[in-house]
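Q:
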Amino acid sequence: METVKLTIDNKTVEVPKGTTVSKAARMLGIDIPLLCHMELHDLGIENKPAGCRICVVEVEGRRNLAPSCVTTCEEGMVVKTHTTRVLNARRTVMEFILSDHPKDCLICPKSGHCELQDMAKRLGIREIPGQEIAAMSTYRKDTSPSIIRDLDKCIMCRRCEMMCNEVQTVGALSAINRGFMSAVAPAFEQNLEYSPCTYCGQCVAVCPTGALTEVNHTPDVLRALADPSKTVVVQTAPAVRAALGEEFGLEPGTLVTGKMVAALRALGFDYVFDTDFAADLTIMEEGTELLDRLKRHLSGDKTARLPILTSCCPGWVNFFEYYYPDLKDVPSTAKSPQQMFGAVAKSYFAGKKGINRKDMVVVSVMPCLAKKYECQRGEFSVDGNPDVDYSISTRELAAFIKQANIDFNNLPEEEFDNPLGESTGAGVIFGTTGGVIEAAVRTAYELYTGKKLERLDFTELRGFEGVRSATVDFDGLKLNIGIAHGLGNARKLLDDVKSGKSQFHAIEIMACPGGCIGGGGQPLHHGKSEILKARAAAIYREDKNKPLRKSHENPFIIELYKEYLGEPNSEKAHHLLHTHYFERKKKIFVKP
Amino acid sequence: MSEKIIKLMVCSGKNCSRKQGDDITDALKLELEAVSLENKVQVVRTACFGLCNAGPVVKVWPEGTIYTGVSPDDAAEIVNEHILKGRKVERLLYTDPATGKKIPDEKSLTSLKKQLRIVLRNCGITDPENVEDAIAHGAYLALAKVLTEMQPEDAIKIIKDSGLRGRGGGGFPTGLKWEIARKNQSDEKYVVCNADEGDPGAFMDRSVLEGDPHAVLEAMAICGYCIGSSNGLIYIRAEYPLAVQRLKIAITQAREYGLLGKNIIGTGFDFDIEIRYGAGAFVCGEETALIHSMEGLRGEPTVKPPYPAQSGFRGKPTNVNNVETFACVSPIILKGADWFSSIGTQKSKGTKVFALAGKVNNVGLIEVPMGTTLREVIFEIGGGLPKDKKFKAVQTGGPSGGCLTEKHLDTPIDFDNLVAAGSMMGSGGMIVMDEVDCMVAVAKYYLDFTVEESCGKCAPCRIGNKRLHELLEHISKGHGTRADLDRLRNMSVVIKDTSLCGLGQSSPNPVLSTLDNFMDEYIAHVDAKKCPAGKCRDLMQYLIVKENCVGCTACARVCPVNAISGERKEPHLINQSVCIKCGACYEKCKFDAIIIQ
């Protein structure tokens, strides 16, 4: 490998050619502050517009200061990172940025997690000269079902734009206006609701300030909990337990399943259930659907379209409904685990307990912002009563726990309630990319071949590669499986499906990079991909520790079919657990 | 070739358009038809003659008689007297503002004596809508020479040796740029002509494109041959409809004559040109922003490297040159590197076109050899300042240039000298200011432009320029302090030092150069709360001098807010709390009784 040698702050370092100055400095233990730059190294995602100019350094022989985030090292380069000139420039630029940023940190939803706040603290900014005569750029606020945009707080780091366009290829956000009024917004400064937005929330996940935040539903949940006439049921998605601890200072990848259950009980939920149960149920339905389509396809039935696409990710559903409406009969008709849970809770469980569905409130805790939109979709309600009433994010739950004076880290571990709290390892791994299809394979194999699966860990389906494929031997039948996470990667597989080139029998798609562990509602990763890796590892650990690891072995799933649903894909199952998709209109609304 | 032997050239410069250039053209044509001379005398709308204050101008070619202040009604007289009878129309001849004498023809024009026209060589001479006429004046000869006699390396060497530097503002050696683009191997390369002329008041590129479009097309083809490209793109402001129209005509005609397209003049070299339109963003003159705009993306710059020569339009090696730069190419090829490098200063060769404007007698486009002093340009070519006002400053380099003073007047103009003096060449704007121009207001005026035109990508330019503008506003209202002046300087230095592209790296120049050269004026604004030039409204008062006031009441009657009171034949008084400082009374008073303080 070709290397170059350079001097940074009088220290010499040899780095591979193409390394940026900021990375070379880090090798020397010199931590140049970066603001707009963000990198998820393991996922190959990098935002480097070089727009904030906080990371500028002095390079000998250059007329101007150089942004260290994009300046590549050259042989013999002499770099100074903290001369008077650099420090003054950095401070002055930071003062510029702060002069056009609201000062309501105390009541900002990002307070304590704000990278701009951290940077102001780090640079020791104590006053903003000229603030009294400084105009502020202000914009109309926008609240969508999932995401709130407050562009007054936008610092033009362009991370959201990069995520939305390059990673997700959704194209809802781009820079608008010019000069002082520049900001990132949907075209024509339109509301998100009228844009192609899928509510995947990746913009929120990377926003360094309070410009993009989630819609907060905890007040609604609190109101339900305080209402004695309501039975409040909560379900928690698999990825939540692998990340919630981070909000309480625990190491990334710490599993807090038991503490989370205890906290939810302490908050006053009447039943603490697990979305993992519904994940197992999803496998029963989706796996059966896969086998059915596969068998019909193999026997020459042209109406049985392959590949089958997973449908548990609401961001992904929104994506294909907008961009690939002609393929809307390709994904599985199975509802997402969140919605399956709601449907079962408000029918089977409510019936069992003798509770009127109108008196039951179902709350979901999700790593996801698209779930907020999903549970509001009209088709997921009965007579106007939604199957899932409120969806709150991992972050919202953490804040809720803190407000309730609960000492989370010292809580004893507790178990989920039954029957909807029991799950297998297959349900748990839904939380990371490749997990749904691995869970499906574990069940489908045994149902198809009638043989016991010897090897449960399909490591070939795991990892962070954006598009992955593997062939699984179903006792002679070679099943080709594709996996994509991130909607840009999904688009690649989908274009193949559309043009008939796809060789896959089944494809798993997750809208967020890394799957649900990297969801828009998770604790902020601030560009550290090792956090996402630690969460994924925790998910697989939880799976490994489960006594049961195949969905069809979940005793309460077996009971549910026996008592209520009959067979997977039965008429009743179809009515409760399956859905259909719509074409989202590509129409531009121009609101004043 | 054209049979017409006499041409009546009507300038289509900015002022002339405003003053009925089209009507004059039509009137002249009608009069010529009336005497059946329409086949002998051609009426052509051409580019600026550099006499904008005397416009519209009609020039009789080839003899060089210049008629100024022409109206459509004068057409008959010009045709009947001059064309038919050979008698000059005395009353329409140009009057030298310095001597008051009538100028019989352009050879006697002092403002032209110091000029040397290379870029504008054919402007106002050839018919821009006729390729045959262009060829008759030597167009495409250089292309033929390059294609038939030279290897690309030889032609690049000539351009390198000539010392030609980019005329768009950066001053990067053109030959070197071509060489780098040539060395970057690729299946496709692009030649881009930057015609996104955005400096307010600058119109040299437009004049070239309107007056001599083939000069640019030819040079682009030469460049294509040199760097190994068959694709040319002209990025032009959509606000230049006449230039666009003439370019389209020129491209079509050049294709018909085999001078563009496949197998140019039978040499096997292919090169064709497309036009792309700019959407009116100043920043798109920056080459990376320009390329993004052509790709359909937001027009904003990206960090260099990679340079366009490495990765430009659609990720392919791309050579971007400005119109004026391209216009220099053919003469260099034909006359040689030595000829070109003999003109100018040590590091800046050839000529430069300036748009001379402001408080100067002869406004308009001028082309002078590099090394001409500011004094020569302003006082000899420009004819000095009108109304015998005192020279105060000259602003060069467009909105991001600096203001130079008396002490810089003998500086020979070239890229490096202007930068050393705290300004820049830019694309060639030159605005002369006199004693009644307030330098704080001037700095604020330019900042107003850059605040508007910043793309918003980097923080120092997006927010910093806005803050500079606000602080200048604060000072011009009389609220500033000495500490604000320090802050003004610090913000300016940091914006220059940290901005992403040339726009932000130069936008504080008007502030820094006025701070350097006119500190006393700033101090007057912050200490005494006075504007010495009497321009800052909040810092001035209109006062009535009792001794001079005869009590005619004219001022009171013209005052829109009834701020002036007083009995007839008694001295009047202005109520300062009501006065809106519109200046109407000042204009009206015939007795010099109203003063500005």
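Chains as they are written, first to last, in this note's numbering: chain A, 3 to 594; chain B, 1127 to 1723.
No residue lacks a Cβ here, since even glycine has one placed at the ideal position from N, Cα and C.
(1) Quick one: using the 10 Å Cβ neighbour count with 16 as the cut-off for buried, is Q683/A buried or exposed?
(2) DSSP three-state call for L214/A: helix, strand or coil?
(3) According to DSSP, is P69/A part of a helix, a strand, or is it coil?
(4) Taking only beta-carbon atoms, is G1523/B less than 7 Å away from chain A?
(5) Which residues bound the alpha helix (DSSP H) around M1330/B?
(6) Is it buried or exposed for L1343/B, if we count other Cβ within 10 angstroms and need 16 for buried?
(7) Against A1577/B, what residues of chain A qualify as contacts under a CB-to-CB distance less than 9 Å, listed in chain order?
(8) Report yes or no: do three or more beta-carbon pairs, one from the region 522-529 of chain A and one from the region 327-334 of chain A, lie closer than 8 Å?
(9) Could you tell me the boundaries of the beta strand (DSSP E) in which P1495/B lies?
(10) Looking only at C-alpha atoms, which of V95/A, L308/A, N420/A and L283/A sits nearest to V430/A?
(11) Leaving out five residues before and five after M262/A in sequence, what residues of the same chain have Cβ atoms less than 6 Å from its Cβ?
(12) When you compare the region 295-303 of chain A with the region 489-499 of chain A, are there three or more beta-carbon pairs, one atom per stretch, that lie closer than 8 Å?
(13) Indicate whether G1295/B and A1481/B have their beta-carbon atoms separated by less than 7 Å.
(14) Reducing DSSP to helix, strand and coil, say where R64/A ends up.
(15) From the DSSP output, in three-state form, read off H1534/B for me.
(16) For S1691/B, which beta-bridge partners are listed by DSSP?
(17) Between N167/A and chain B, is there a C-beta pair that is closer than 7 Å?
(18) Out of D1718/B, K1714/B and C1681/B, which has the shortest C-alpha to C-alpha gap to N1701/B?
(19) In chain order, what residues of the same chain have a beta carbon less than 8 Å from the beta carbon of M1127/B, not counting five sequence neighbours either side?
(20) What residue does the alpha helix (DSSP H) around L1416/B start on, and which one ends it?
(21) At 9 Å on the CB atoms, spell out the chain A contacts of L1597/B, in chain order.
(22) Quick one: does the C-beta of E1255/B sit closer than 6 Å to a heavy atom of the ligand ATP?
(23) Applying a beta-carbon distance threshold of less than 8 Å, which residues of chain B neighbour R601/A?
(24) With DSSP as the reference, label M1645/B as helix, strand or coil.
(25) So for F506/A, helix, strand or coil by DSSP?
(26) Please name the residue or residues paired with L1359/B in a DSSP beta bridge.
(27) If you count every other CB in all the chains shown that lies within 10 Å of the CB of L308/A, and 16 or more means buried, which is it?
(28) Rounded to the nearest angstrom, how far is the Cβ of T22/A from that of C71/A, given a contact under 8 Å?
(29) Distance cutoff 7 Å, beta carbons only. Does R1663/B sit that close to anything in chain A?
(30) Could you tell me the boundaries of the beta strand (DSSP E) in which I1720/B lies?
(31) Taking only runs that begin and end inside the region 1426-1487 of chain B, name each unbroken beta strand (DSSP E) of 3 or more residues, in chain order.
(32) Give the residues from the region 96-121 of chain A that approach chain B closer than 7 Å (Cβ to any Cβ), ordered along the chain.
(33) Quick one: list the residues of chain B neighbouring M158/A, beta-carbon separation under 9 Å, in chain order.
(34) Just reading off the alpha helix (DSSP H) that A441/A is part of, what are its end residues?
(35) If we ignore side chains and look at the alpha-carbon of each, how far apart do I1284/B and K19/A end up?
(36) Answer yes or no: do E60/A and T85/A have a C-beta to C-beta separation smaller than 7 Å?
A: This is what the structure holds:
(1) Residue 683/A falls outside the range modelled here, since chain A spans only 3 to 594, and no answer is possible.
(2) strand
(3) strand
(4) no
(5) M1330 to G1337
(6) buried
(7) The residue you asked about is not Ala; residue 1577/B is Val in the sequence shown. Ordered by position in chain A, the residues that pass the 9 Å Cβ test against V1577/B are G181 and F182.
(8) no
(9) G1490 to P1495
(10) L283/A
(11) R243 and L246
(12) no
(13) no
(14) coil
(15) helix
(16) L1699/B
(17) no
(18) C1681/B
(19) Low confidence applies here, because M1127/B scores a pLDDT of 36, under 50, leaving its location unreliable; read the following figure in that light. E1258, D1259 and A1262.
(20) E1413 to M1420
(21) G132 and I135
(22) As for the ligand ATP, it is missing from this structure, which has no ligand bound.
(23) It is not possible to answer for residue 601/A, since the shown part of chain A is limited to 3 through 594.
(24) helix
(25) coil
(26) V1318/B and E1400/B
(27) buried
(28) 6 Å
(29) no
(30) I1720 to I1722
(31) 1444-1448 and 1477-1484
(32) F98, I99, S101 and D102
(33) G1582, K1583, C1584, A1585 and R1588
(34) G437 to T451
(35) 35 Å
(36) yes
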